[in-house]
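K.L.:
In our numbering, the protein residues as written are 7 to 442.
Cβ atoms here follow ideal geometry from the backbone N, Cα and C, with glycine treated the same way.
The structure follows.
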């Protein structure tokens, strides 16, 4: 009898445990935020990419958005962010903090669904974080554009290194806020009117990024772009740098990516021409004249950071492979430091690293964990044209003659004199034979 009662007791305890587990799981399911029909656009960088260079994807001074929220080393910036929220709230009398909290709250589901992973923060904490970070970004952009808005006691703009570090942190894929919320919050802030139709937040981003990266191409190449559907700052940089569909070259399947290096092209007689203030993708090769046009590229220590985050966004978002194809092509062109030296000599690469080895190594590292799609490689026609030119023997012979024997006037005169002497010797020999 006792054994039967014990068995019943065990069964009852097991049932209670099962019910608790079911209730717990049900509560977890109920706590999930509903999915919207919008696409994710802000991603955690895949582990295989992060392991290549952890620092290139990790904010150093400020967290933006939820993915690095609460990180110990970034907490000191939180006070500055709250001060910037104070400044933001003083910008307009049309709305107060209650209005802005209501705006964030009404967009909470859409904001959460902008991120590719479930955000664990509770509703109140999430809304507060978004408002503080959004106000911080807007104030950074405004104070960068309008110097008179900067406070002389400002702890950020009085330290040049800090605003530079913040700018780089704002360009990280994991450190983004959706642009739609910035656009809505900045709508009531009075700013100088302009002739173009760009949204105010896009204009501010233009000013903030164009000089920082030395990408004048960002401004020039973006004049005819539509920014209505910009997702965030990294997406803005991608849209600005990548050519519109109407400007892209004809599609052609790539046979093999055995692109000649800069040195090999030079030995085949190819002439290099720097094209200033053009999109990075406006590389052109004229097989008739043998001229390869390449836009100017300034390489600084943060160049790797920019390209790594653009590449990560391309791989996660799947909208284009243009940045990937550009990096792959440059890596093949600058296979050795000697290739880099030639591009520096022709004014195409402006190297701010310690040496040419650093440039070639940078691109060698960038192409790790990348791949190409032969049917859709952006530079297929360019690569095939360069390979065809290098395979023509006459081009190589002519280049060798010019580079080795006519490099300077005295060498040319010596070669010419030798040819004349050889000709006279032949004439004398023929004359002697005929005379006999």
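1) Hey, how far is the Cα of residue 48 from the Cα of residue 397?
2) Suppose the cutoff is 6 Å on Cβ atoms and the five residues either side in sequence are ignored; what does the same chain contact list for residue 368 look like?
3) Helix, strand or coil for residue 23 per DSSP?
4) Does the count of Cβ pairs from the region 300–315 and the region 348–364 closer than 8 Å reach three?
5) For the pair the region 106–119 and the region 157–170, tell me if three or more CB-CB distances fall below 8 Å.
6) Under 8 Å between the Cβ atoms of residue 188 and residue 143?
7) Secondary structure at residue 78, three-state DSSP: helix, strand or coil?
8) Once DSSP output is grouped into helix, strand and coil, what is the label at residue 343?
9) Taking all protein chains shown into account, decide if residue 99 is buried (16 or more other Cβ within 10 angstroms of its Cβ) or exposed.
10) Would you identify the three-state DSSP class for residue 357, choosing helix, strand or coil?
11) Should residue 53 be labelled buried (16 or more other beta-carbon atoms within 10 Å of its own) or exposed?
12) Can the beta-carbon of residue 196 be found less than 8 Å from the beta-carbon of residue 238?
13) Give the straight-line distance between the Cα atoms of residue 298 and residue 270, rounded to the nearest whole angstrom.
14) Run through the DSSP bridge pairs and tell me what residue 279 is partnered with.
15) Please return the same chain residues whose Cβ sits closer than 7 Å to the Cβ of residue 68, not counting the five positions on each side in sequence.
16) For residue 383, I'd like the list of residues in its chain whose CB is within less than 6 Å of its CB, leaving aside the five on either flank, ordered along the chain.
17) Using CA atoms only, rank isn't needed, just tell me which of 106, 191, 127 is closest to residue 148.
18) With DSSP run on the structure shown, which of helix, strand or coil describes residue 292?
19) Roughly how many whole angstroms lie between the Cα atoms of residue 186 and residue 243?
20) In terms of residues, what are the limits of the alpha helix (DSSP H) holding residue 501?
21) Rounded to whole angstroms, what's the CA-CA distance from residue 335 to residue 105? Just pull it up for me.
22) Tell me the residue span of the alpha helix (DSSP H) that contains residue 266.
23) Between the alpha carbons of residue 85 and residue 282, how many angstroms are there, rounded?
24) Considering only the beta carbon of each residue, do residue 348 and residue 329 sit closer than 8 Å?
25) If you check the beta carbons only, do residue 333 and residue 340 fall under 8 Å apart?
26) Ordered along the chain, which non-local residues of its own chain (more than five positions away) have a Cβ less than 8 Å from that of residue 64?
27) Please confirm whether residue 90 and residue 276 have their CB atoms less than 8 Å apart.
28) Kindly indicate which three-state DSSP category residue 329 falls into: helix, strand or coil?
29) Check whether the Cβ atoms of residue 133 and residue 103 lie closer than 8 Å to each other.
30) Are the CB atoms of residue 62 and residue 94 nearer to each other than 8 Å?
31) Pick helix, strand or coil for residue 45, following the three-state DSSP scheme.
32) Return helix, strand or coil for residue 51, following the three-state DSSP convention.
33) Can you give me the C-alpha to C-alpha distance between residue 92 and residue 233, rounded to a whole angstrom?
34) In angstroms with no decimal places, state the Cα-to-Cα distance between residue 379 and residue 236.
35) Please report the straight-line C-alpha distance between residue 72 and residue 128, rounded to a whole angstrom.
P.N.:
On the basis of the data shown:
1) 45 Å
2) 310
3) helix
4) yes
5) no
6) yes
7) helix
8) helix
9) exposed
10) strand
11) exposed
12) no
13) 13 Å
14) 299
15) 80, 83, 172, 175
16) 260, 331
17) 191
18) strand
19) 16 Å
20) Nothing in the structure corresponds to residue 501, since the chain is present only between 7 and 442.
21) 50 Å
22) Here residue 266 belongs to no alpha helix (DSSP H), and DSSP marks it neither H nor E.
23) 42 Å
24) no
25) no
26) 74, 178, 180
27) no
28) helix
29) no
30) no
31) coil
32) coil
33) 29 Å
34) 25 Å
35) 11 Å
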